[in-house]
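Counted from 1, the sequence shown has number 64 at position 64 by full-length UniProt numbering; the numbering is strictly sequential.
Only one structure is covered here, and it is reproduced in the block below.
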Amino acid sequence: MRGVYTEIIKDANYIDALKRVLKSINPTFSEQIHIERFHDNGEGVDRIYNVYKITADNKVYILKKSDDNEIGLYEKFLANKNLPVPELEGWCCINKTKWILMEYIAGSDLRVFNKNMAYECADSLSSIFNMYWHEKDLEEHKLDNRFERYWARINKRSECLINEPKLSAAYKIFLDRQLVCPRTLCNGDFLQCNAIERDNNIILIDWAFGGVMPYSLDVARLICHGSEKFFPFPFYMTDEYRKIFLKAVYDKLLRKPDFKQFIWDVVLSSLNECIEFIERELKDESIERDNGFTYYYKNAEALADIILSGKEQLKI
């Protein structure tokens, strides 16, 4: 399992184009700039990202293609807040393409999850949650428009369940809760590959999908993908580590629902995680339903059984 790696860019024209981007962000950069591009073959397919490791003037950075949402989120919520995220170095727009330059975080991602990571993730996530926890008068004191985009997306997702009455009924309960669930700043894609362990701290990277959303989304996303067999994702996770992480997050929240409601919110969001990963196959029967589909469908049905039994029957 190789996972994330970089390759040196050899195309001179491409290098020159990226140097122009870097000079636009920081004109003081010297001409001696070393550029590598990120790849990830952890799932058996080599994925190439518009993300680059930049070495300039004896410092290392991350340069990536971005958009208004990510840049705005960094400037409004993350920059200069002493939060466990990479520092923003600057951004630019060239030929209608946005680029963002950030601090490079040296360390390992969380693919091989362990007990220390469970506690460290709880520390980092709760510190962000506590700064932006927001549960009353949401429309009057709206912090951004991320929830509206998320709300449209999950309602569209529910259409894939038209022939799945049990999953549809449980998903309706999830949808209803999203309108009143406490919101806070969420990464939006808190998978184990989007966090780096550095000096016993967890740094959350890649905020392209971030914004103010129901708090349980990030909690559920971390624990729903991965198993002791590294299947169907290339992440290792055990039930023991899930429990440690959940309890530690809850204990560190300064404002929070009661513990049963917290677990209920995570169960509901876990159903959404599973449905997301079988959505395409449920919409289009011509797509082959592989072992990954079977894994998530089985988990979705188990979660639906819990949800339809009601919160009062939840065993914690």
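Even glycine gets a Cβ: it sits at the ideal position worked out from N, Cα and C.
**Item:** Own chain partners of Ala118 with C-beta closer than 6 angstroms, once the 5 adjacent residues on each side are dropped
**Value:** Start at 1 with the first residue of the sequence shown, and residue 118 comes out as number 118. Cβ neighbours of Ala118 beyond the five flanking positions: Tyr241, Ile244 and Phe245.
**Message:** Quick check: what's the CA-CA separation for Phe174 versus Glu276?
**Reply:** Here residue 174 is taken as the residue at index 174 of the sequence shown, counted from 1. Here residue 276 is taken as the residue at index 276 of the sequence shown, counted from 1. Roughly 13 angstroms separates the two Cα atoms.
**Message:** Tell me the residue span of the alpha helix (DSSP H) that contains Met213.
**Reply:** Indexing the sequence shown from 1 puts residue 213 at position 213. Per DSSP, Met213 belongs to no alpha helix (DSSP H); it is in the beta strand (DSSP E), Gly211 to Pro214.
**Request:** Could you tell me which uninterrupted alpha helix (DSSP H) segments, each at least 4 residues in length, are contained entirely in the segment 42-105, listed from first to last along the chain?
**Result:** 68-73
**Request:** Specify the secondary structure class of Val249 as computed by DSSP and reduced to three states.
**Result:** The sequence position of residue 249 within the sequence shown is 249, counting from 1. In the structure shown, Val249 sits in a helix (DSSP, three-state: H, G or I).
**Prompt:** Excluding five sequence neighbours on each side, which residues of the same chain lie with their C-beta closer than 8 angstroms to the C-beta of Gln261?
**Reply:** Translated into the one-based positions of the sequence shown, residue 261 becomes position 261. Excluding residues within five positions, the ones whose Cβ falls inside 8 angstroms are Lys311.
**Item:** Whole-number beta carbon distance between Arg183 and Phe209, since they are thought to touch under 8 angstroms
**Value:** Mapped onto the sequence shown, residue 209 falls at position 209. Mapped onto the sequence shown, residue 183 falls at position 183. About 15 angstroms; that fails the 8 angstroms criterion.
**Asked** What is the rounded straight-line gap between the Cα of Glu103 and the Cα of Cys186?
**Response** To locate residue 103, count along the sequence shown from 1; it is residue 103. To locate residue 186, count along the sequence shown from 1; it is residue 186. If I take the Cα positions, the gap works out to 20 angstroms.
**Prompt:** Which residues in the same chain as Ser24 place their Cβ atom closer than 7 angstroms to its Cβ, once the five residues preceding and following it in sequence are excluded?
**Reply:** Along the sequence shown, read from residue 1 onward, the residue named residue 24 stands at position 24. Cys92 and Ile94.
**Request:** Flag this pair as yes or no: are the beta carbons of Leu254 and His225 separated by less than 8 angstroms?
**Result:** Locating residue 254 in the sequence shown gives position 254, counting from the first residue. Locating residue 225 in the sequence shown gives position 225, counting from the first residue. For Leu254 and His225, no; Cβs fall outside 8 angstroms.
**Request:** Count the CB pairs spanning the segment 154-167 and the segment 300-308 that are closer than 8 angstroms, and state whether there are at least three.
**Result:** yes
**Prompt:** Would a C-beta distance cut-off of 8 angstroms place Asp189 and Asp206 closer than the cut-off?
**Reply:** Counted from its first residue, the sequence shown places residue 189 at position 189. Counted from its first residue, the sequence shown places residue 206 at position 206. It is a contact, given that the beta carbons lie within the stated cut-off.
**Request:** Would you check if there are 3 or more beta carbon pairs closer than 8 angstroms linking the segment 30-44 to the segment 55-66?
**Result:** yes
**Request:** Mind checking who Tyr297 pairs with in its DSSP beta bridge?
**Result:** The residue you call residue 297 lines up with position 297 of the sequence shown. Partner(s): none; Tyr297 has no beta bridge.
**Item:** Residue from Cys160, Ile128 and Cys193 with nearest C-alpha to Asp284
**Value:** For the purposes of this step, residue 284 is identified with residue 284 of the sequence shown, where counting begins at 1. Residue Cys160 is the option with its Cα nearest to Asp284.
**Prompt:** Ser270 to Leu222, Cα distance in whole Å?
**Reply:** Along the sequence shown, one-based indexing puts residue 270 at 270. Along the sequence shown, one-based indexing puts residue 222 at 222. Approximately 10 angstroms between the Cα atoms of the pair.
**Request:** Taking Ala17 as part of the beta strand (DSSP E), name the residues at either end of that continuous run.
**Result:** To locate residue 17, count along the sequence shown from 1; it is residue 17. Not the beta strand (DSSP E): Ala17 falls in the alpha helix (DSSP H), residues Ala12 to Ile25.
**Prompt:** Which whole-angstrom value is the C-beta distance of Arg149 and Glu279, which I expect to be below 8 angstroms?
**Reply:** Counted from its first residue, the sequence shown places residue 149 at position 149. Counted from its first residue, the sequence shown places residue 279 at position 279. With 8 angstroms as the limit, Arg149 and Glu279 do not qualify as a contact, their Cβ atoms being about 17 angstroms apart.
**Message:** So Ser108 and Ile196 are supposed to be a Cβ contact under 8 angstroms. How far apart are they, rounded?
**Reply:** Counted from its first residue, the sequence shown places residue 108 at position 108. Counted from its first residue, the sequence shown places residue 196 at position 196. Their Cβ separation, rounded to whole angstroms, is 7 angstroms, which keeps Ser108 and Ile196 in contact under 8 angstroms.
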